[in-house]
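As structure tokens, the structure follows; a few thoughts come after it.
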Amino acid sequence: MTIDEMLSKASSVAIFGHVRPDGDCIGSCLGLYNYIVDNFPNIQVQVFAEAFPPSYNLLNGADQVLSEYDGRPVDLAFLMDTPSFERCGANGAKCLKTAKFTCNIDHHISNPLNLCSENFVEPQASSASEVLYFLLDSNKVSKNAANSMYLGIVHDTGAFKFSATSKRTMNAVGDFIDKGCDFAKIINDTYYTRSYKATLITGLAKEKCKLALNGKVVYSYITPDEMQRFDVTPMDLSSVVDSIREVSGTEVAIFLYPVNGQYKISLRSNYIVNVNKIAGTFGGGGHEKAAGASTDEHPEVVIPKILSLIEEALKN
Ligand code: AMP
Numbered sequence: 001m002t003i004d005e006m007l008s009k010a011s012s013v014a015i016f017g018h019v020r021p022d023g024d025c026i027g028s029c030l031g032l033y034n035y036i037v038d039n040f041p042n043i044q045v046q047v048f049a050e051a052f053p054p055s056y057n058l059l060n061g062a063d064q065v066l067s068e069y070d071g072r073p074v075d076l077a078f079l080m081d082t083p084s085f086e087r088c089g090a091n092g093a094k095c096l097k098t099a100k101f102t103c104n105i106d107h108h109i110s111n112p113l114n115l116c117s118e119n120f121v122e123p124q125a126s127s128a129s130e131v132l133y134f135l136l137d138s139n140k141v142s143k144n145a146a147n148s149m150y151l152g153i154v155h156d157t158g159a160f161k162f163s164a165t166s167k168r169t170m171n172a173v174g175d176f177i178d179k180g181c182d183f184a185k186i187i188n189d190t191y192y193t194r195s196y197k198a199t200l201i202t203g204l205a206k207e208k209c210k211l212a213l214n215g216k217v218v219y220s221y222i223t224p225d226e227m228q229r230f231d232v233t234p235m236d237l238s239s240v241v242d243s244i245r246e247v248s249g250t251e252v253a254i255f256l257y258p259v260n261g262q263y264k265i266s267l268r269s270n271y272i273v274n275v276n277k278i279a280g281t282f283g284g285g286g287h288e289k290a291a292g293a294s295t296d297e298h299p300e301v302v303i304p305k306i307l308s309l310i311e312e313a314l315k316n
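If you count by my numbering, then the sequence shown holds residues 1 to 316, one letter each, in order.
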């Protein structure tokens, strides 16, 4: 069934993404939200998401996002950019279990492909926003919807530099530009800029970074005390891993930071190492080249364990 067919049968729709939403999560949720508002005015549509970076407020509909599902039943629930019910934010799992029809639009390799009534999961796609765009009727995609999906693609491709960026990705971006997408403003204001305090703590993480495995791995971490000293939230640290991976000659970047009383592990690889597998060892997941997990252990304990898994992966 196409998205338009699903929508034509629904009068109430709820859209959910993953916990601690990133650009692709919010971009795909609001891309779909704007598409529905623009083309299906009789549908009552709601988007639910946990707190997201304030810079994303430039997207139309960002001010309509609700923080938690209120339990009201809906005809159709969408799960965007999310590969499991456990990872669903804003109490969305409750809605997905009771909605008449459900649809998962995702690109995580760890997705079991059977979460919803209909599952559009493409692990080779750059982003959930890209998967979404090619499921929609392009003629009915407005500038507002294009802006949202463009933001999603920019963030999940690291501004078009990750290897999942394809001709299809760029065709989508070309279509968005044709639709009047604010491409320069979105990439600058949401991807290439961060708050002053986030800039300072990124500097500290860089100062603390170390090399391992003959320069193939760069790692760093931030402690709860340091977060307090810089007065930052986990959101301010979510892009630090992408800064430390800039060290030349490295294959893998590891960054740990405190989230909800645990340490969040962020892993990035360039070419060879499948970090989704490594994150899986710690109960996490993601993609081959970008993955995450959480741990109760201190970074000084867990980093050597990650390093030995990377050492094994580099041998194969
Ligand atoms: P992050 O390091 O948080 O930017 O996450 C990189 C990728 O891994 C994203 O696609 C996340 O959705 C995914 N990811 C992060 N943490 C987890 C986790 N605990 N379980 C499954 N996937 C995760």
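Ideal placement from N, C-alpha and C gives every residue a C-beta, glycine not left out.
Classify R245: buried if its beta carbon has 16 or more other beta carbons within 10 angstroms, exposed otherwise. buried
Who's in the neighbourhood of ligand 2, going by beta-carbon under 5 Å from any heavy atom, listed in chain order? By its list of ligands, the structure shown excludes ligand 2, since it contains just ligand 1.
Verify whether the separation of the beta carbon atoms of I306 and I254 is less than 8 Å. yes
Runs of alpha helix (DSSP H) wholly within the stretch 72-104 (minimum 4 residues, chain order): 92-98
Would you give the residue range spanned by the alpha helix (DSSP H) that A313 belongs to? 299-315
Judging by CA-CA distance, which residue of T190, A184, K185, G152 is the nearest neighbour of A172? G152
With H, G and I counted as helix, E and B as strand and the rest as coil, what does DSSP make of K264? strand
Beta-carbon proximity check, K197 vs V154, cutoff 8 Å: no
In angstroms, rounded to a whole number, what distance separates the CA positions of K185 and L58? 9 Å
Please state if the CB of V13 and the CB of G89 are separated by a distance shorter than 8 Å. no
8 Å contact criterion, which V217 and V241 should meet: CB distance rounded: The Cβ separation is near 12 Å, so there is no contact.
Are A293 and F282 touching if we call contact CB-CB under 8 Å? yes
Buried or exposed for K264, going by 16 or more other Cβ atoms inside 10 Å? buried
Nearest to S8 (by Cα), restricted to the options N34, N39, P123, P304: N39
Can you tell me which of K277, T157, E300 puts its alpha carbon nearest to the alpha carbon of S220? E300
Using DSSP with H/G/I as helix, E/B as strand and the rest coil, what is V247? coil
For I303, I'd like the list of residues in its chain whose CB is within less than 6 Å of its CB, leaving aside the five on either flank, ordered along the chain. Y219
Alpha-carbon to alpha-carbon, S238 and T102: 29 Å
Could you please give the first and the last residue of the uninterrupted alpha helix (DSSP H) stretch that includes V275? 275-281
When you compare each of N60, D4, D296 to N144 by their alpha carbons, which one comes out closest? N60
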